[in-house]
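Those sequence lines, one after another, are chains A and B.
Throughout the first sequence, residue numbering follows my numbering, covering 53 to 181 in sequence.
Throughout the second sequence, residue numbering follows my numbering, covering 401 to 573 in sequence.
Beta carbons are placed, not taken as given, at the ideal position from N, Cα and C, and that holds for glycine.
From a predicted model like this one, the values you see are computed outputs, not experimental measurements.
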Amino acid sequence: MERLNDEGQWIVLMGFLVSVGIFFLAFVLSQSTLVGQTTSDAVLEFPKNEIRDYRAEVIDLVKEDKITDAIIKDLKSLELHRNNAVVNFTYLGEITGSPGSLYDYTKINISFNNGLTRYKELCYVPKKK
Amino acid sequence: MVMADDRAQLYTIEGLTAGLIMIATAYFVLNTGFMYAPGDAHIADMQLEQIGTDALLMMDTPVNDSVGSELEGYVNDGTGQWDSFNTTLNNYLRMNTGATSMVNNIRYNASIYYRKSSTDEVGAFEFGHFGDLVAHEPAVSVSRLVYCDNNPPSAPYDHSPQELIFEVILWRG
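Dropping the structure here:
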């Protein structure tokens, strides 16, 4: 058996390293466009403004004592039909501020769920004594 | 018959490895999800949506606690207030420093959604629109919940007080 020729090993090794480098770059390229696409999709899908609007409206209504059964029904069906969201709102009672304090509080629970994003808040709405 | 011998085994292995690497590289390149829309295609939509939301938020913020907001005033009067709403929204959407003039290319359509108390369905009617109703690019929608305790004759409401959704569809024309 003839001996194996062991010359030029550096050249072989460098060739190998370059090919691994090209392989790696191809992998990075295959991922990059997907990343850009999914990021902006995620930003657009997040219902930040819807949640803020619903929360502000409910807190205002509680402050001004305008919540009725009809209003709650309106909120639920409008959010369901226009924002694809299931919303809920529950009264958890009145809390009297300690003597000398300026406010009484109404304790409420606000929730918003559009299947992807769920928001829940326990909120104390202040009312001037 | 030529006898198979065992020379140059390292070269054989190297050739095989190089071949595998090339095939794998070609696989990754061809398998790339090429999208002709760039990743930032939605940024313009996001900006338009934010401008619209901010304009409606400004309109829905009262100057003090004892009065209702501008938007509540418009909605409580039925469709009669379209002109003043149109002026205000146009003004908010195109606010600038006065040192530059901007191309007035935002168009919109405003509608009101309400619940029919008899059937629990949601009804809609058009509040008004600015510009031709021809959308060129994807439109975005922004909305506000509005409290209404009036029953204007131009609106088909069947109970009061009630909650409405005021929705504006915006696009660049």
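Counterpart residues of residue i in DSSP-defined beta bridges
i: residue 572 of chain B; result: B:506
i: residue 514 of chain B; result: B:523
i: residue 177 of chain A; result: A:158
i: residue 142 of chain A; result: A:161
i: residue 172 of chain A; result: A:163
i: residue 562 of chain B; result: B:548
i: residue 528 of chain B; result: B:510
i: residue 567 of chain B; result: B:511, B:543
i: residue 147 of chain A; result: A:157
Within chain B, partners of residue i - CB distance below 9 Å
i: residue 97 of chain A; result: Residues of chain B passing the Cβ test: none, with the nearest at roughly 10 Å.
Cα-Cα separation, residue i to residue j
i: residue 130 of chain A; j: residue 431 of chain B; result: 44 Å
i: residue 149 of chain A; j: residue 116 of chain A; result: 18 Å
i: residue 513 of chain B; j: residue 554 of chain B; result: 14 Å
i: residue 530 of chain B; j: residue 111 of chain A; result: 32 Å
i: residue 485 of chain B; j: residue 164 of chain A; result: 30 Å
i: residue 511 of chain B; j: residue 126 of chain A; result: 16 Å
i: residue 168 of chain A; j: residue 95 of chain A; result: 12 Å
i: residue 526 of chain B; j: residue 180 of chain A; result: 39 Å
i: residue 106 of chain A; j: residue 442 of chain B; result: 25 Å
i: residue 552 of chain B; j: residue 466 of chain B; result: 22 Å
i: residue 540 of chain B; j: residue 448 of chain B; result: 7 Å
i: residue 172 of chain A; j: residue 103 of chain A; result: 10 Å
Three-state class that DSSP yields for residue i in the structure shown
i: residue 478 of chain B; result: helix
i: residue 75 of chain A; result: helix
i: residue 119 of chain A; result: coil
Proximal chain A residues relative to residue i, where beta-carbon distance stays under 9 Å
i: residue 418 of chain B; result: 67, 68, 71
Neighbouring residues, chain B, relative to residue i (Cβ below 7 Å)
i: residue 129 of chain A; result: 515, 520, 522
i: residue 179 of chain A; result: Within chain B, no residue comes near residue 179 of chain A; the closest Cβ sits about 12 Å away, beyond 7 Å.
- Item | the region 471-482 of chain B touching the region 529-549 of chain B, judged by at least three CB pairs closer than 8 Å | yes
- Report yes or no: do the region 76-85 of chain A and the region 140-147 of chain A share at least 3 C-beta pairs separated by less than 8 Å? no
- Item | Any 3 or more C-beta pairs closer than 8 Å across the region 491-498 of chain B and the region 449-460 of chain B | yes
- Are there three or more Cβ pairs, one per stretch, closer than 8 Å when the region 160-180 of chain A is compared with the region 402-418 of chain B? no
- Message: Three or more C-beta pairs under 8 Å: does that hold for the region 419-428 of chain B against the region 63-76 of chain A?
- Response: yes
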